[in-house]
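Note sheet for the following structure.
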Amino acid sequence: MCGIAGYIGKKPAQNIVLDCLKKLEYRGYDSAGVGYLLNKGLYTVKVTGGVDNLKQALQKNATPASVMIGHTRWATHGKVCTKNAHPQISENKKIAVVHNGIIENFLQLKQTLYLDGINLVSDTDTEVIPNLIMQKLKGKAYTIKNVLNALNKVLPMLKGSFALCILIDNLNCLFIATKFSPLVIGKTNTGVMVASDIVGLPQKAQVYKLKDNTLGLVFKDGFKCYNFNLEPVILQKLDVKNNGLDTDINGFSSFMEKEINQSPSALLNTAQNILYNNALSYIPKNAIESAKTFFICACGTALHAGRVLGYLLQKYCGIFCVVDYASEFRYKNNFLDKHSFCIFISQSGETADTLGCLELAKQSGAFCLGITNVYTSRISNMVDYCLFTSAGTENSVASTKAYIAQLCSAFLLTEWISKVLGKNIDYSYKDLLDVALCLKEDYYLKLQPVVNAIKDLQSLYILGRDIDYITAQEGALKIKEVSYIHCEAMPLGELKHGSLALFNNTTYAIVLLTQKELTQKVISNIIEMQSRGAHIILITSQKVDIVVDFCIYINNKKDVFSPFVATKVLQQLALLLAKQKNLNVDKPRNLAKSVTVE
Ligand code: G6P
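Per my numbering, residue 0 is the first one in the sequence shown, and the count goes up by one each step.
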């Protein structure tokens, strides 16, 4: 993960780089740092914590430097401390590197450097890079040509993934390189920037995206890129209409609260954009008709949207569907071939494991469909066809409105596939408009007594049958990530095969009941839990005649749409719990929004 930034131009770089890093903080916020050139010297400033801490540290001693690199870190190798913050520098202090990615063979490389008498001081994988460059420059002048050649020798030694921005003492340029990690260049009137994501670039920048296995040089008025054979590479200018982040919290207490509130419009915009653009009709019909197996791969919240899509495809289209964690699927005997129809769901379109599965699917000749929220993302560009969700920028690490938008595309895609295959379906896109109305209702007041009862718990269960079990999984993820309460999602029917042994009068279980035909079975399960003393929080759309500790009624319009509203209730519960515990809702500890490493 991590966000990297760089600027070279006519203006002082400090505020430009800090502004860029702030926008990239969704990629990690464990520590931050900058490196800059001034008066023929290379300097670094590094702090633990987020970009605001770095800003404070730099304010004490603002620098007029006009060449700077910066980093916001999500710790992969080495704990959170200034020693492990980036930039990492070479032993001779002449080379500074910021890195996004993982160098998988870093221990081996460290060993080689150690045997050559080079002392590494951090626990990071990154530190090998400036030192390897230093080694390749041994006995040579630090000229642009020599550094480029040295870099070109070092890059093939690095196994894994990287986006790099490098400063060399005394050389008025930035060196950059990429392999399986994103990096964009933005040209403005006053200079040239590099960043991990377009959102980090100024609004009016001309944007260029680096391809994999590219290295380059950035000057104050332009850039040059090469492949790893040092042959020139021309980058295409991207047509970016709006690269701005929605950074206004609009009076809400957090982005998460604001984004939950935007769920109805995320659903409506997604439905409208897909339908008005006839987006589904561009999926080749023969890819659907000839598919033997459908595969759905994703991570985190996007995986849960994938589980709902898999459920719908099986239920309505009679399609055999494999839904798996991208991080698991990529290392299995996967049975992919040219008759496979693969779907990759990702809000960011940059998640490393999902991308890994996409590469495998492409190699096998499968048809690849993406569902992403970012037009310019790697997944959007790599798939055969991409369906876009229109959730707008999501700032909070915990995904909320993007999930609702993904659910919307899952329902529309299923409707389309059922039509292509001549199957019957008992809902239409019009029903989704009613769901958007149902999503407008807030549950904060009804949930507050529940929050008071469970806020100090160490552990909690969320249980449901059928599609409710998928909602339980998404709800448990939300509660864990923002409130730090351990929350286990389970299919209700599985409870008595082990976990019921843990139930007693201190146990709290959230039970979802939204499917009419399962009502009696769920009630029996509730009674079983109550018989062991458990407290029940019931979230239901059904009329039930049972006494529970708390009951929240919801309106789903139709049972199959329950994931929309039931998830919203659980999102609001997670948010309230986090607020009650005074936690940083938008930036939960140890997490990042975009996971670009395995
Ligand atoms: C991270 C985020 C989650 C997200 C997951 C997948 O873990 O914190 O909110 O669901 O990545 O991200 P993607 O961008 O692929 O949907």
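For every residue, glycine included, the Cβ atom is placed at its ideal position computed from N, Cα and C.
Contact set for residue i: own chain, Cβ-Cβ below 6 Å, skip 5 residues either direction
| i | result |
| --- | --- |
| Cys602 | Summary: the structure shown does not reach residue 602, with the chain confined to residues 0 through 597, and so no result is reported for it. |
| Ala488 | Ile461, Ala471, Gln472, Ala475 |
| Ser363 | Leu335, Asp336 |
| Ala591 | Met0, Arg26, Gly27, Trp73 |
| Ile15 | Tyr6 |
Per DSSP, cross-strand counterpart(s) of residue i
| i | result |
| --- | --- |
| Asn99 | Ala162 |
| Val322 | Ile295 |
| Glu487 | Tyr460 |
| Lys176 | Correcting the residue identity first, residue 176 is Ala in this sequence and not Lys. Partner(s): Leu163, Leu214. |
| Asn226 | Thr213 |
| Leu537 | Val510, Cys550 |
| Ile344 | Ile370 |
| Cys385 | Gly369 |
| Gln205 | Lys186 |
| Gln87 | Val96 |
| Ser379 | Answer is none; Ser379 lacks a bridge partner. |
| Gly309 | Paired residue(s): none; Gly309 is not in a bridge. |
| Leu41 | Leu36 |
| Val232 | Cys224 |
| Val191 | Ile7, Lys186 |
| Leu237 | Val206 |
| Gly69 | Ala4, Val33 |
Nearest-angstrom Cα separation, counted from residue j out to residue i
| i | j | result |
| --- | --- | --- |
| Val396 | Glu473 | 14 Å |
| Gln271 | Asn260 | 19 Å |
| Ala360 | Ala286 | 14 Å |
| Asn83 | Lys400 | 34 Å |
| Phe227 | Leu106 | 24 Å |
| Ala204 | Gly27 | 24 Å |
| Gly305 | Gly348 | 14 Å |
| Ser523 | Ile342 | 37 Å |
| Leu420 | Lys284 | 9 Å |
| Ser195 | Tyr225 | 19 Å |
| Leu267 | Leu432 | 7 Å |
| Asn130 | Ser339 | 45 Å |
| Leu312 | Leu494 | 27 Å |
| Ile184 | Gly2 | 14 Å |
| Thr595 | Thr350 | 5 Å |
| Met528 | Tyr483 | 24 Å |
| Leu302 | Ile344 | 7 Å |
| Lys54 | Thr81 | 15 Å |
| Val232 | Tyr468 | 49 Å |
| Cys603 | Cys298 | Residue 603 falls outside the range modelled here, since the chain spans only 0 to 597, and no answer is possible. |
| Leu182 | Ile102 | 17 Å |
| Leu237 | Lys210 | 12 Å |
| Lys291 | Asn372 | 28 Å |
| Leu459 | Gly48 | 30 Å |
| Phe293 | Phe319 | 6 Å |
| Glu230 | Leu154 | 15 Å |
| Gln405 | Lys454 | 30 Å |
| Gly463 | Leu491 | 5 Å |
| Ile551 | Asp544 | 14 Å |
| Ala265 | Ala140 | 56 Å |
| Leu511 | Asn589 | 29 Å |
Residues near residue i by beta carbon distance below 8 Å, same chain, minus five either side
| i | result |
| --- | --- |
| Tyr443 | Gln571, Leu575 |
| Ser417 | Tyr315, Cys316, Asn423, Ile424 |
| Val50 | Leu17, Leu20, Lys21, Glu24, Tyr28, Ala31, Thr71 |
| Thr413 | Leu308, Leu311, Leu312, Tyr315, Cys316, Ile424 |
| Leu274 | Leu411, Tyr428 |
| Tyr426 | Phe410, Glu414, Lys557, Val559, Phe560 |
| Met133 | Ser89, Glu90, Asn91, Lys93, Ile94, Ile117 |
| Asp430 | Lys556, Lys557, Phe560 |
| Asp122 | His76, Gly77, Lys78, Lys82, Asn83 |
CB contact below 8 Å: residue i versus chain B
| i | result |
| --- | --- |
| Tyr324 | You won't find chain B in this structure, because it holds only one protein chain. |
Cβ shell of residue i (< 7 Å), same chain only, five flanking positions each side left out
| i | result |
| --- | --- |
| Pro448 | Phe549 |
| Lys219 | Ile7, Gly8, Lys9, Gly190, Val191 |
| Ser262 | Thr399, Lys400, Ile403, Leu438, Lys567 |
| Asn212 | Lys178, Asn226, Phe227 |
| Cys172 | Ile7, Ile143, Leu216, Val217, Phe218 |
| Asp352 | Cys298, Ala325, Ser326, Arg329, Glu597 |
| Asn583 | none |
Exercise. Counting Cβ pairs, one atom from each stretch, are 3 or more of them under 8 Å apart for the region 187 to 196 and the region 111 to 124?
Worked result: no
Problem set entry | Unbroken stretches of the alpha helix (DSSP H), 4 residues or longer, contained in the region 463 to 517 | 466 to 482
Exercise. Hey, which unbroken runs of the alpha helix (DSSP H) at 4 residues or more fall wholly within the region 542 to 592?
Worked result: 561 to 579
For this session: Would you list, in sequence order, the uninterrupted alpha helix (DSSP H) runs of no fewer than 4 residues that lie entirely inside the region 401 to 462?
Result: 428 to 437, 443 to 453
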